[in-house]
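Chemist: Have a look at the structure that comes next, please.
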Amino acid sequence: MPLQYVPVSEGKEKKPPLISGSNAFLGDVIHSQAEPGKELSSGFYRQEKGEPLVYTYTYDEMKIIIEGNFRMEDETGVVVEAKPGDVFFFPKGTTITFSSTDYGLAFFTGLRAAGGA
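Rendered as structure tokens:
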């Protein structure tokens, strides 16, 4: 199988679609063609200042922060002030509240079908 490639203009530099409120954006950029239940999807998540996003994961996901800042709080009260280079794993079933004092941009990879967030 050939490799898949997405240029920066269609990846990091393209603002993802709005997913919640007026300040949370997420877009799949590339995904695998695996059998159901084994698909991987990856893309960019952007959270801007304003209303927090509360999200419960129905799949496992990893994120790396690439720009800005995030405040993440899980359902147990654990809070992380995330900055570029920080890496996270969110197990299926975890509920996270995402917010930012300005904006944050993260790259994610999730064990889910394309568009399944």
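Numbering (UniProt numbering), first residue to last: 1 to 117.
A virtual CB, placed ideally from N, CA and C, is assigned to each residue, including glycine.
All of these numbers come straight from a predicted model, not from anything done at the bench.
1) Taking its Cβ as the centre, do 16 or more other Cβ atoms sit within 10 Å of Ala34, making it buried, or is it exposed?
2) Pick out the complete beta strand (DSSP E) segments inside the region 45-77, 3 residues or longer, and give them in chain order.
3) Should Arg71 be flagged as near chain B, meaning a C-beta pair shorter than 8 Å?
4) How is the beta strand (DSSP E) around Ser20 delimited, first residue to last?
5) Go through its chain and collect everything with a Cβ distance to Phe90's Cβ below 8 Å, but skip five positions before and after it.
6) Would you mind working out which of Arg46, Met1, Ile66 and Tyr5 sits nearest Pro16, comparing C-alpha positions?
7) Going by DSSP, name the residue or residues bridged to Ala114.
Modeler: Walking through what the data contain:
1) The residue you call residue 34 lines up with position 34 of the sequence shown. By the neighbour-count rule (16 or more Cβ atoms within 10 Å), Ala34 is not buried but exposed.
2) 53-56, 61-68 and 70-74
3) Structure shown: chain B not included; a single protein chain is present.
4) Translated into the one-based positions of the sequence shown, residue 20 becomes position 20. Taken as a continuous stretch (DSSP letters only), the beta strand (DSSP E) holding Ser20 covers Leu18 to Ser20.
5) Translated into positions along the sequence shown, residue 90 becomes position 90. Only Tyr57, Asp60, Glu61, Met62, Lys63 and Ile96 meet the Cβ criterion.
6) Taking the sequence shown and counting its residues from 1, the one referred to as residue 16 is at position 16. Measuring from the Cα of Pro16, the nearest candidate turns out to be Arg46.
7) For the purposes of this step, residue 114 is taken as the residue at position 114 of the sequence shown. DSSP output for Ala114 lists no bridge partner at all.
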